[in-house]
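Asker:
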Amino acid sequence: MVTAINMFRRAICTYRSGNKNCMFFQSQELKKGCSEELSFSPKLDKYKLTRFLAEKAIREKKIFAICGPYPVIRASLRKKGWVEKKLPLKSDLQDNKADTYDADDEGDRKNEVSCFEKSDDVHDIMSRLVRNEEPSFFWTIKKDAVNYRDLHFDQMLNHYARTGSFTTKIGLCLNLRNLPWYVQANPNTFFPRCYGICMDVEKQDFIEDYRNTAASNILKWVVSFNVCNKKTQKTKEKGCKEDVGQKKGSECSDENVKQLPGKLIDMACNACEIYLGRMEHKDIDTAVNSSATLNEEEWNELVEQYYSLVHEGAVICNAHNYITQCQHILTKIMSANPQRDIDGSHNIWIIKPGAKSRGREIVCKDRLEDILKLVETTDQCPVKDSKWVVQKYIETPLLIYETKFDIRQWFLVTDWNPLTVWFYKESYLRFSTQCFSLNNLDSSIHLCNNSIQKHYKNAADRNLLLPCHNMWTSTKFQEYLQKRGHGSMWQNVVYPSMKRAIFYTMKMAQDKVETRKNSFELYGADFILGQDFKPWLIEINTSPTMFPSTPVTTELCGQVQEDTLKVVLSRKFDKHCDTGKFELLWRQPLLELPPFNTTDLAVEGTGIRRCRQKLSPVTNYNVQETLAEVQQESVPYHSANHEKQRQSIIAANEKQNLKDPKTMVYAIPQPLKRQPGKSIQVSDVPTECIGHTDFASFIVQPTQSIAETNPTPHMNRAKGKIDPNFWRVSQAALPFQVMNSFDRKLPRSSKTSGVYLGAVMV
């Protein structure tokens, strides 16, 4: 090693002296010596290589950090020359407190780490060399793993803040109702109606919806019963086995069949007509007729008989008399209700936790009391408003070989202003392990999440054409549709409808998400297709699972992660670069927000001046008696009689002290003297009402009463004498009303802002 270093130094010196031939010779010796030296020290060679790559990554700001099991992201970034800064292990595998992410459970994450986290020594050494550097790229399993508020502008993060408006079930339920304020679209055309059942108002709306659905299902039973009767007459069979739920046919004479009165159809028709009027907004300008609506007792009776009709096989003997009326009402409801095709006849609802994923604690119920009881008994969350949601179950889904499935569709948001959404061209289907049936509401039949279905074995009677790992790619699904004669449905109905639903949802959530430049996020949306191939949005998940659980997810999940890096990294330097299978769904024109400057803020107002000394309230002041005493005074103010009276009061006050030290004493004003031939008039000045004045709780006592109760005189400090010409104002122990309150307009001076009462001698 020393020889190689010396040869390197001599080569540099020779080059500086200008002997290039010698430089070439020495360089050849250097390469030969280094190769011989390094062949015996592979660790030194690896250290030089790692140090060179680490320093290059630092110069180019290619340091990344990963929190979570993302081997594809890690490998793809390393190929691009990025170096990983290792995060603490506790942050990498800690339990996620926020339940909105869609990654698999803790056991799957540990298994994934054990399988894919075996990096060689080169990357470990480079990670130690960049341990004091700040990462420029963060990919985490949840946004709370990194405090995004502390990040610099050029640091990238794969999450946005405040996305609960569409990534939680309760947020999607409540916020999609405001969609018409953002775009001209009806959310009921792509999102099954949903209620936050733990809120009182939402709970009452759900009960009303359940009852109205039950009433319309009774009409459906009548119409289907007529169709069943016709088939029965042709085939001469007693039973009619249709989806309406009755086990026996139209033989009302059968003793084993429960017979219901025709009054049930009358109540159902009445309820449906009222419900139809509300859907058509005919109840806005008309008074509600309480006699036409059903009361609580009638509703309970209707629901109980509905259970017997649909679930227990009961019949209505005279149902044929109502067929025309029921068909007429149902036709109107079907034309006004955009969710008519998913309601079915069993009135099944699915109950979900408001902010959880992976199918946890989700159940299906078809009875109203069971739904309400489930929520009341299991709701232990302090914030009840976000605990549970209840959503209408799609009773008529599109089936493949009599098995239910859903679609996981990815999309990427790279900016919220301007709104930029990327839609992935590939998706995959997730099948249930059991055959579809509405008579059994078990989760293994109705929930297609892989985190649920992996705990079950495929049913023995399931079609063998279905994959054993229960997943298809969207390409495979298109091939299936092509063989069935529906090859155009994917491109003409399914794919554009899913794009439209995602666009509408992002427009709704745009002003609720806390936007940040150089951030992005990959989401996973779940759709269920109806029998007409129309997709219905069920939920949107943040941090969608990337675990390679099946051959389908191994291929697609790895591909979508690499394509995501192409969009968020490669496209920063080349706008025309390859974006994989991501296509630009929507790029909104830039919204110019008004500039904001803290110096523009100002507080304007008028100060309130308070009295320095708080005066005691005046109580029991009788204005009429005081004025009468002044008018009766015929002698001058300083007459002998009055002066004599004053002297007697002073003498009495000298003998006693004031009992109340807080008593305030005021001088008696000298009354106005009326001159002969003169009259008093109020000057004509602008007036202003000063409001309501009430002297009910005040008492004013003259000096005579003061002398009798509190004989202590008032001392005039200026003259050093006792001045009896004062009025004492004190608060009464028990206030009472002596005179009525009055409202009066007082004159207002045009020169000053104060209110005064002016008198002019004429």
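Using this note's numbering, count along the sequence shown one by one with no gaps and you end on 851.
Yeah, the Cβ is synthetic: ideal placement off N, Cα and C, and Gly gets one too.
#1: Give me, in chain order, the residues of the same chain whose beta-carbon lies closer than 8 Å to that of arginine 660; leave out the 5 immediate sequence neighbours on both sides.
#2: Within its chain, find whatever has a CB closer than 6 Å to the CB of lysine 596; leave out the 5 residues flanking it on each side and keep chain order.
#3: Give me the Cα-Cα distance between aspartate 213 and leucine 658, rounded to the nearest whole angstrom.
#4: Determine, using beta carbons only, whether serine 519 and methionine 578 come nearer to each other than 8 Å.
#5: For the structure I just gave you, are there three or more beta carbon pairs, one from the stretch 354-369 and one from the stretch 417-431, closer than 8 Å?
#6: Suppose the cutoff is 7 Å on Cβ atoms and the five residues either side in sequence are ignored; what does the same chain contact list for threonine 485 look like?
#7: Are there 16 or more other CB atoms within 10 angstroms of the CB of phenylalanine 141, so buried, or fewer, so exposed?
#8: Taking the beta carbon of valine 333 as the centre, do at least 16 other beta carbons fall within 10 Å, making it buried, or is it exposed?
#9: Our contact map puts aspartate 191 next to asparagine 528 with C-beta atoms below 8 Å; I'd like the distance itself, whole angstroms only.
#10: Which residues bound the alpha helix (DSSP H) around isoleucine 591?
#11: Measuring alpha carbon to alpha carbon, tell me which residue in Gln348, Arg573, Tyr584, Thr643 is nearest asparagine 407.
#12: At what residues does the alpha helix (DSSP H) containing valine 452 begin and finish?
#13: Using beta-carbon positions only, say whether leucine 679 and threonine 653 come within less than 8 Å of one another.
#14: Taking 8 Å as the threshold (C-beta atoms), are arginine 251 and lysine 601 in contact?
#15: For threonine 564, which residues in the same chain have their Cβ closer than 8 Å to its Cβ, ignoring the five residues on either side in sequence?
#16: Can you tell me where the alpha helix (DSSP H) with arginine 367 in it begins and where it stops?
#17: For methionine 368, collect the residues of the same chain with a Cβ closer than 7 Å to its Cβ; drop the 5 residues on either side in sequence, then sort them by chain order.
#18: Assign asparagine 630 to one of three DSSP states: helix, strand, or coil.
#19: Would you mind working out which of Leu383, Leu240, Glu393, Tyr411 sits nearest leucine 308, comparing C-alpha positions?
#20: Over what stretch of residues does the beta strand (DSSP E) that includes arginine 167 continue unbroken?
#21: Pick helix, strand or coil for lysine 623, following the three-state DSSP scheme.
#22: I'd like the span of the beta strand (DSSP E) that includes aspartate 213, first residue to last.
#23: Which whole runs of the alpha helix (DSSP H) in the stretch 554-587 are 4 residues long or more, in chain order?
#24: Have a look at the DSSP bridge pairing and note the partners of serine 516.
#25: Sorted by chain position, which residues of the same chain lie with C-beta nearer than 7 Å to alanine 357's C-beta, five sequence neighbours on each side aside?
#26: Would you mind stating whether tryptophan 511 and leucine 674 have Cβ atoms separated by less than 8 Å?
#27: Could you pull out every residue in the same chain whose Cβ sits closer than 6 Å to the Cβ of lysine 473, ignoring the five residues on either side in sequence?
#28: How should isoleucine 354 be labelled, buried or exposed, when 16 other C-beta atoms within 10 angstroms of its C-beta is the threshold for buried?
#29: Please work out which residues of its chain come closer than 6 Å, Cβ to Cβ, to methionine 38, disregarding the five sequence neighbours upstream and downstream, and give them in chain order.
#30: What is the DSSP secondary structure of arginine 676, reduced to helix, strand or coil?
#31: In angstroms, rounded to a whole number, what distance separates the CA positions of asparagine 552 and lysine 543?
#32: Could you check which residue in His575, Asn345, Pro624 has the C-alpha nearest to that of isoleucine 591?
#33: Can you grab the Cα-Cα spacing for the pair threonine 509 / valine 656, in whole Å?
#34: Do three or more CB pairs link the stretch 234-244 to the stretch 166-173 at distances below 8 Å?
#35: Could you tell me how far apart the beta carbons of asparagine 538 and serine 638 are, in whole angstroms, since I believe they sit closer than 8 Å?
Answerer: In short, the structure shows the following:
#1: By one-based count along the sequence shown, residue 660 stands at place 571. Excluding positions up to five away in sequence, the list reads Cys666, Thr668.
#2: Here residue 596 refers to the residue found at position 507 of the sequence shown. Only Tyr271, Val272 meet the Cβ criterion.
#3: Translated into positions along the sequence shown, residue 213 becomes position 124. Translated into positions along the sequence shown, residue 658 becomes position 569. Distance from the CA atom of aspartate 213 to the CA atom of leucine 658, rounded to whole angstroms, is 24 Å.
#4: As a working note, residue 519 is residue 430 in the sequence shown. As a working note, residue 578 is residue 489 in the sequence shown. A small fix is needed here, since residue 519 is arginine in this sequence, not serine. For the pair arginine 519 and methionine 578, the CB atoms are not nearer than the 8 Å cut-off.
#5: Between the stretch 354-369 and the stretch 417-431 there are three or more C-beta pairs closer than 8 Å, enough to call the two in contact.
#6: Along the sequence shown, one-based indexing puts residue 485 at 396. Excluding sequence neighbours, threonine 485 sits near Asp430, Ile431, Gly433, Gly619, Gln620.
#7: As a first step, residue 141 must be located in the sequence shown, where it is residue number 52. Flag for phenylalanine 141 reads exposed.
#8: As a working mapping, residue 333 is identified with position 244 in the sequence shown. In this prediction, valine 333 has a pLDDT of 44, which is less than 50 and means its spatial position is unreliable; nothing more can be read from the coordinates.
#9: Walking along the sequence shown from the start, residue 191 turns up at place 102. Walking along the sequence shown from the start, residue 528 turns up at place 439. Contact doesn't hold; Cβ gap of about 30 Å is too wide.
#10: Residue 591 sits at position 502 when you count from the first residue of the sequence shown. Note, isoleucine 591: alpha helix (DSSP H), 584-598.
#11: For the purposes of this step, residue 407 is identified with residue 318 of the sequence shown, where counting begins at 1. Ranked by Cα distance from asparagine 407, the options Gln348, Arg573, Tyr584, Thr643 are led by Gln348.
#12: Position 363 of the sequence shown, counted from the first residue, corresponds to residue 452. From DSSP, valine 452 is part of no alpha helix (DSSP H) but of the beta strand (DSSP E) over 452-454.
#13: In the sequence shown, counting from the first residue as 1, residue 679 sits at position 590. In the sequence shown, counting from the first residue as 1, residue 653 sits at position 564. Judged by beta-carbon spacing, threonine 653 lies beyond the 8 Å limit of leucine 679, meaning their Cβ atoms are not closer than that value.
#14: Position 512 of the sequence shown, counted from the first residue, corresponds to residue 601. Position 162 of the sequence shown, counted from the first residue, corresponds to residue 251. It is a contact, given that the beta carbons lie within the stated cut-off.
#15: Taking the first residue of the sequence shown as position 1, residue 564 is located at position 475. Counting only Cβ-Cβ distances below 8 Å, and skipping sequence neighbours, we find Glu515.
#16: Residue numbering aside, residue 367 sits at position 278 when the sequence shown is read from its first letter. Arginine 367: member of the alpha helix (DSSP H) spanning 352-368, first to last residue.
#17: For the purposes of this step, residue 368 is taken as the residue at position 279 of the sequence shown. Here the set comprises Ala425, Asn426.
#18: Sequence index remark: in the sequence shown, residue 630 carries index 541 (1-based). If DSSP states are grouped into helix, strand and coil, asparagine 630 belongs with the strands.
#19: Counting from one through the sequence shown, the residue named residue 308 turns up at place 219. Of the listed residues, the one whose Cα sits closest to leucine 308 is Tyr411.
#20: Within the sequence shown, the letter at position 78 stands for residue 167. Not the beta strand (DSSP E): arginine 167 falls in the alpha helix (DSSP H), residues 160-168.
#21: As a working note, residue 623 is residue 534 in the sequence shown. Coil at lysine 623, not helix or strand.
#22: In the sequence shown, the residue the question calls residue 213 occupies position 124. Premise fails: aspartate 213 lies in the alpha helix (DSSP H), 210-218, not in any beta strand (DSSP E).
#23: Those alpha helix (DSSP H) runs which fall completely within the stretch 554-587 and span 4+ residues are 563-572.
#24: The sequence position of residue 516 within the sequence shown is 427, counting from 1. Partner(s): Gln498.
#25: Within the sequence shown, the letter at position 268 stands for residue 357. Closer than 7 Å at the Cβ level, and outside the excluded window around alanine 357, lie Ala304, Ile307, Leu308, Leu391.
#26: As a first step, residue 511 must be located in the sequence shown, where it is residue number 422. As a first step, residue 674 must be located in the sequence shown, where it is residue number 585. Here tryptophan 511 is near leucine 674, since their CB atoms are less than 8 Å apart.
#27: To locate residue 473, count along the sequence shown from 1; it is residue 384. A caution first: lysine 473 carries a pLDDT of 43, below 50, which makes its placement in the model too unreliable to give a value.
#28: Along the sequence shown, one-based indexing puts residue 354 at 265. Per the 10 Å Cβ criterion, buried.
#29: Look at the range of the chain in this structure, 90 to 851, and you will see that residue 38 is not part of it.
#30: Numbered from its first residue, the sequence shown carries residue 676 at position 587. Correct three-state label for arginine 676: strand.
#31: As a first step, residue 552 must be located in the sequence shown, where it is residue number 463. As a first step, residue 543 must be located in the sequence shown, where it is residue number 454. So the two alpha carbons sit approximately 18 Å from each other.
#32: Taking the sequence shown and counting its residues from 1, one reaches residue 591 at position 502. For isoleucine 591, the nearest C-alpha among the options comes from Pro624.
#33: By 1-based counting over the sequence shown, the position of residue 509 is 420. By 1-based counting over the sequence shown, the position of residue 656 is 567. Those two C-alpha atoms are separated by around 11 Å.
#34: In short, these stretches do not touch, since the Cβ pair count stays below three.
#35: By 1-based counting over the sequence shown, the position of residue 538 is 449. By 1-based counting over the sequence shown, the position of residue 638 is 549. Contact between asparagine 538 and serine 638 does not hold, since the beta-carbon distance rounds to 11 Å and is not under 8 Å.
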